[in-house]
Structure formats: C-alpha cells, structure tokens
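2 protein chains.
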Amino acid sequence: MKLTVLGCYAATPRTFTNPTSQVLEIKNHLFLIDCGEGTQVQLRKYKVKFSRINHIFISHLHGDHFFGLPGLISTFRLLGRDKELHIYGPKGIKQAITLFLKLGDSWTNYPLIFHELESKEPELIFEDEKVTVRTVPLIHRVYTNGFLFQEKESPRTLDVEAARKFGVDRSQFNNIKNGADGVDKSGQKVPNKKLTLDPPEPKSYAFCSDTMYNETILPTIQNVTVLYHESTFLESEVHLCEKTKHSTAMQAAQIAQKANAKLLILGHYSTRYKSIRFFKEEAEAIFAPVDLADDGKVFDFGD
Amino acid sequence: MKLTVLGCYAATPRTFTNPTSQVLEIKNHLFLIDCGEGTQVQLRKYKVKFSRINHIFISHLHGDHFFGLPGLISTFRLLGRDKELHIYGPKGIKQAITLFLKLGDSWTNYPLIFHELESKEPELIFEDEKVTVRTVPLIHRVYTNGFLFQEKESPRTLDVEAARKFGVDRSQFNNIKNGADGVDKSGQKVPNKKLTLDPPEPKSYAFCSDTMYNETILPTIQNVTVLYHESTFLESEVHLCEKTKHSTAMQAAQIAQKANAKLLILGHYSTRYKSIRFFKEEAEAIFAPVDLADDGKVFDFGD
Chain A
1 MKLTVLGCYA ATPRTFTNPT SQVLEIKNHL FLIDCGEGTQ VQLRKYKVKF SRINHIFISH
61 LHGDHFFGLP GLISTFRLLG RDKELHIYGP KGIKQAITLF LKLGDSWTNY PLIFHELESK
121 EPELIFEDEK VTVRTVPLIH RVYTNGFLFQ EKESPRTLDV EAARKFGVDR SQFNNIKNGA
181 DGVDKSGQKV PNKKLTLDPP EPKSYAFCSD TMYNETILPT IQNVTVLYHE STFLESEVHL
241 CEKTKHSTAM QAAQIAQKAN AKLLILGHYS TRYKSIRFFK EEAEAIFAPV DLADDGKVFD
301 FGD
Chain B
1 MKLTVLGCYA ATPRTFTNPT SQVLEIKNHL FLIDCGEGTQ VQLRKYKVKF SRINHIFISH
61 LHGDHFFGLP GLISTFRLLG RDKELHIYGP KGIKQAITLF LKLGDSWTNY PLIFHELESK
121 EPELIFEDEK VTVRTVPLIH RVYTNGFLFQ EKESPRTLDV EAARKFGVDR SQFNNIKNGA
181 DGVDKSGQKV PNKKLTLDPP EPKSYAFCSD TMYNETILPT IQNVTVLYHE STFLESEVHL
241 CEKTKHSTAM QAAQIAQKAN AKLLILGHYS TRYKSIRFFK EEAEAIFAPV DLADDGKVFD
301 FGD
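Right, dumping it as structure tokens:
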C-alpha cells in the first residue's frame, strides 16, 4: 500500500501549494482521491500513469477538492482513453460534469460511469476480490464523505517445511492451500492451521477530509492502519472550527487515538501558519506516531 | 497598453506549459481574457493584482480556455472581494458557473454579472469613456468569439507654445481644449487645429483564438495595432485544421497581412512541436513583424 500526496493545502491553489488530491496504490489499484484544480499537472509531475487510474473518489463538491475533475476527464479523452472511468461522489456531480462536457461539445469517447452518493450512513461502494471501499460520512458545510480503503484478508499460504515435517504428501498441497486438513503417512489428520502460514495483516487507509471533530466515524475506521485526518487549524484557532466545520491537529489526534489507528497523517492545512511542523507537535501531545502530508510526499506502507 | 501572457499552449495544462489566459492592461483596465485551468496560480506567479480584475472575457467553453474560471471566482470570494465582477462569454456560461457554486453551497458575496453572448455578428459588449470591446466571431468547433479591445481617440491637447506664438490669451485655453477656435490680439480667428496637438494614435488589440482561417473577421480587425492569432499547427499539419478548426502559423500571417496589423503575436501552440520558433519562421515568410507568445511573457506596447 502506497500513498502519493499530490496536494494537501486548504482553500485555493497557490504557486507552491496545491489543493487536495491523493493517489492510493492498494492491491494493484490506483485510486485517485479528490481532485482539486491542478491535479492533472501534479499527476504528470509525480509521474503517475494516467492510464492506471480507473476509479476517482470525490469527498465533496467544494472547489479545492473537485475543480480539477472536468479538466482531468477531458485530458483522459485527449489521451485516447477507451477504458471505463468510475467516479464516486456526492449527488450532483454527474449533472455538473455532464454540463461542462456538453457546453464544450466534448463528450468522452470512453465510458464515464457515475456512482452518486447521498447516504448519511457508511456504505460499501466498491468491492473486488482483494479490496473494499466504504464511505465514512463526515460533518462539513456540504454533504461530505471520507473513504475507507481496506485490503481483504489473503488466503493462508502453504508451509512446505511444516508439511514435510508432518510427512504430508505433495499431492495434498492444493487441497491444503484451499483450506483442507492434511493426512500424514500413518493416516493421522493434521489440522490445516499447522500446515499453513498466517497471511500478512490486511492494511487499511481512511481518508477523512473535510470534517469537524466527529466521533461517529469511530466504529467505521476502528483499528485502521493509516488514518489521514484533516487538520485545517491549530488549537489556537479552534474557535473557527464550528463555523467552517474543520478540525484542529489536536482533534485529529484524538480521533486517531480513539480509533486505535496505527499511524496518523495530517493534512488540509490552512495557509495562515508559517510551518506545518506545528501541526505535528500539537498532535503528538495526544497520539503517536504522527506524520505530515505534503505536496509530492510518498508514503510507502509496504506489501 | 500591456499584455501579460499567462498561458498560450493548446489542449491540456502540463508541468511547464499552461492553457490559454492573458491579461490586457489598457487605459487603467485590467481585462482577463480566457481562463484555462491553473490561471489563478499564474496570476499569483506573475503578481497580477486580483483586485484589479473586474472584467473577464471567455472566448469559448472548451476546457483549456474556461476550466480555471470556477476556481478563480471562488478564490475572489475567499479573498473578501465585494466589487462587481463581469463575465462575458458564450450562452451557457452562467448556468455552468452557477451550478458549481450551488453544489458547493459557495455563493459569491460580491455581485457576479454575466453577459452571455450568442450573436454571430460582431457586437459592442463593453464601452466606457476610454475603451470599447467588441466581439470578433470566429469559426471553431463550438460557438467562439475573439475580442477586439480599442482605445478611444483622446482629445487634442493644448499646444501652449503655439498659443503664445499666435498671441492667444490664457483665458481661452479651456475652451480651446474643448475644441473651440482661438482669437488673437488683433481679433483674428485662429483655428483650433493650429492651437492643439494631435492626440496619440489610439491602440487596439485583437485576440483571435481558437479559429480556423477566417477572412470574415478582416473588416472588424482592420488596421489593428496588435493581432494575437492562434497558430495551433504548422503548414506540415495543415490537414488537421479542417477537422479541429484551428489555424497554421502561415494562415495567421495571412490574416495579419490582410488586416494590415502592425504586429502579429502567435500562440495556442500544439505541444507536438519541439520548438515554438518554427511558428515564427513560418509566419515571417508572409508577414512582419511577428512575435511569439509564451507563458509569463509581457508585451509592452507603450502609453
């Protein structure tokens, strides 16, 4: 699992900071999460292959999370894409994109499939053999979802050494891989668990931006491997959170702690602060480890 | 009159090239012409004051001329703008922008005034004491206008030295400035023309992008000071012009010649070519002088 942060600053694109967009690589998928203005340029800059993106998840329809999407969809067309592109986002996103394409008489020549979201409860929105994606309803000024990306548990793998030790014949290996118990030379049953190895722990990634402090997300993201949680403000500006429906770094840390996350990544910083390390310092008083998103930063969480 | 090119490359924003957007400074106005994705970042980079932009002209609703507009409008709001903003563009632009603002529940707190265009004939769309703006209907894949920005003729200025020479009394100066003839000491009439100086030649700027070769624009742009004309292709790719409704550098030069322009600026280059100097070379076989637009380039045409 690998995360490439294309942009993680609040409000408007600037010369050296970009609005929210991330690429999550998980089990051979390249999921694009949010698409602020300039995302397609960031994708080029960080050499993300456009053709590997088949699913785009949009948290909400504020400009700094969404205004790069019409351009990216158009560029896919110019690049000669023919594969399906799936867009997951709040109800209204289809009308908005469709209108822009219609006005430019620039319909895509690849299938563009919208999955419009409007539930206020967590829901499963994507599933294949190896991965699921669920919404994490957030509390913001407009209808907003975070997203929880989860690897499925892999099958147990054959422990060849153990099989030999127990004298289990090679002809049984396929059945054992599929979950069957083994039989040793003397005809005794050997339980499957003794002949197989635990699969690697499935990883998960929760993207929670934009949101005010919201404990109702805890059951959904409990024990998450990596939690990306917005921290637009520091506690010194906590009074702005109520009106803007954003969080402080400390609040993000409290959510990470209560969710029993393995790692907290902060992002969506207001540009009013001189250094983003203040966010880390504030969060670390509550929870560890904390890391800071930054434009172009890559987090590799291993296989 | 001064032109700042923010972006002048065709199709999609890339790491080092930007889609179409320009700022024309003319008689204390700062007119923004087209607004491809990333325009607001380019405005910051080249230190154009956001607060001086009150009029935005959009040629057509293809992404590379328009997808930066929703973000710029949102950023004006975040910057606390309260002045009117006027948007001139093809019919449909109001619906598109309004839908984006509605979906983000992000209405502007300044007046946003749309002037939707649908005429296929040139029309006067802006006028004040010093400047006029007219549409220049172009031929492209969707409804498209170029724009002709013209300074009005300034009043003649008093020639104090001539007045002294003719013995015209100071008490008559105001009337002479307003066009009256003078009277010398002997009571003889002195024609206004002899007591005043010619005003500077009014300047004009025609923005013609995107378009195929189109002689019907010639009466509108005749004798223009500066003609910006698209040259997406070189003559080696002239066969692409019919389908895409674009021009070659040679065709742009032919229009400049027939319009009796003082200067031709080329732009809207396809990124297929290794160097933009090929466009200049091709155009100069037909017309001179030719200059090349490039991102960040500033053209100063004097007062």
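Same order as they appear, the protein sequences are chains A and B.
Under my numbering, think of the first position of the first sequence as 1, with each following residue one higher.
Under my numbering, think of the first position of the second sequence as 1, with each following residue one higher.
Heads up, the beta-carbon is just placed ideally off N, CA and C, and yes, glycines get one too.
In this text the structure is predicted, and so the values were computed from the model without any measurement.
DSSP bridge partner residues for residue i (one or two, in chain order)
| i | result |
| --- | --- |
| Asn260/B | BP columns for Asn260/B are empty, so no partner. |
| Cys208/B | His229/B |
| Asp300/A | Lys2/A |
| Asn145/B | Pro137/B |
| Thr196/B | Leu158/B |
| His55/A | Phe31/A and His86/A |
| Lys189/B | Val183/B |
| Asp64/A | None, per the DSSP bridge assignment. |
| Val131/A | Glu151/A |
| Asp294/B | Partner(s): none; Asp294/B has no beta bridge. |
| Gly7/B | Ser21/B |
| Gly267/B | Glu230/B |
| His115/A | Tyr88/A |
Close Cβ partners of residue i (< 7 Å) along its chain, the five nearest in sequence each way excluded
| i | result |
| --- | --- |
| Lys274/A | none |
| Thr196/B | Arg156, Thr157, Leu158, Asp159 and Ile176 |
| Tyr46/B | Thr4, Leu6 and Gly296 |
| Val238/B | Thr248 |
| Glu235/A | Thr248, Met250 and Glu282 |
Distance between beta carbons of residue j and residue i, contact taken as under 8 Å
| i | j | result |
| --- | --- | --- |
| His60/B | His140/B | 6 Å |
| Ala96/A | Leu99/B | 6 Å |
| Gln314/A | Gly71/A | With chain A covering only 1 through 303, there is no way to say anything about residue 314/A. |
| Thr271/B | Thr20/B | Rounded, the Cβ-Cβ distance is 13 Å, inconsistent with contact. |
| His115/B | Tyr88/B | 5 Å |
| Thr211/A | Ser247/A | 6 Å |
| Ser204/B | Gln251/B | With a Cβ gap of about 21 Å, Ser204/B and Gln251/B do not count as contacting. |
| Ala163/A | Gly182/A | 7 Å |
| Thr15/B | Arg44/A | 5 Å |
Cβ neighbour criterion (16 or more within 10 Å) applied to residue i
| i | result |
| --- | --- |
| Gln22/A | buried |
| Glu84/A | exposed |
| Leu79/A | exposed |
| Leu117/B | buried |
| Pro90/B | buried |
| Ser119/B | exposed |
| Ile93/B | buried |
| Gln222/A | exposed |
| Asn145/A | buried |
| Lys243/B | exposed |
| Val298/A | exposed |
| Ser231/A | buried |
| Ala249/A | buried |
| Gly104/B | buried |
| Arg134/B | buried |
| Glu123/B | exposed |
| Asp128/A | exposed |
| Ser209/A | buried |
| Gly36/B | buried |
Candidates the options: closest to residue i by CA position
| i | options | result |
| --- | --- | --- |
| Asn301/A | Glu25/A, Asp169/A and Tyr9/A | Residue identity check: residue 301/A is Phe in the sequence provided, not Asn. It is Glu25/A. |
| Asp64/B | Gly36/A, Phe31/A and Gly68/A | Gly68/A |
| Gly157/B | Thr144/B, Asn260/B, Lys94/B and Glu201/B | Before going on, a small fix: residue 157/B reads as Thr here, not Gly. That would be Glu201/B, whose Cα lies nearest to the Cα of Thr157/B. |
| Ile253/A | Lys243/A, Lys102/A, Ile265/A and Thr244/A | As written in the sequence, residue 253/A is Ala, which differs from the Ile given in the question. For the residues Lys243/A, Lys102/A, Ile265/A and Thr244/A, the minimum Cα distance to Ala253/A belongs to Ile265/A. |
| Phe5/A | Ala11/A, Gln42/A and Ser236/A | Looking at the sequence provided, one finds Val at residue 5/A rather than Phe. Looking at the Cα atoms, Gln42/A is the closest of the given residues. |
| Pro137/A | Pro219/A, Leu240/A, Ala256/A and Phe279/A | Pro219/A |
| Lys258/A | Tyr213/A, Leu292/A and Ser154/A | Tyr213/A |
| Leu3/A | Ser171/A, Ile286/A, Lys194/A and Leu263/A | Leu263/A |
| Ile125/A | Phe147/A, Asn192/A and Ala10/A | Phe147/A |
| Tyr9/B | Phe279/B, Asp303/B, Ala285/B and Ile286/B | Phe279/B |
| Asp291/B | Tyr228/B, Glu235/B and Asn28/B | Tyr228/B |
| Ala363/A | Lys245/A, Glu284/A and His239/A | Nothing about residue 363/A can be reported from this structure: the residues present for chain A run from 1 to 303 only. |
| Thr132/B | Glu281/B, Lys27/B and Asn260/B | Lys27/B |
Spatial neighbours of residue i in its chain, beta-carbon cut-off 6 Å, leaving aside the 5 residues before and after
| i | result |
| --- | --- |
| Gly167/A | Asp184 and Lys185 |
| Asn178/B | none |
| His55/A | Phe31 and His86 |
| Ile276/B | Tyr269 and Leu292 |
| Thr225/B | Lys203, Ser204 and Lys262 |
| Pro191/A | Asp181 |
8 Å Cβ shell around residue i - same chain, five flanking residues per side excluded
| i | result |
| --- | --- |
| Arg52/A | Leu30 |
| Asp82/B | Asn109 and Tyr110 |
| Thr75/A | Gln40 and Phe50 |
| Pro199/B | Glu153, Ser154, Pro155, Arg156 and Thr157 |
| Ile113/A | Glu84, Leu85, His86 and Ile87 |
| Ala11/B | Pro19, Asp64, Ser270 and Thr271 |
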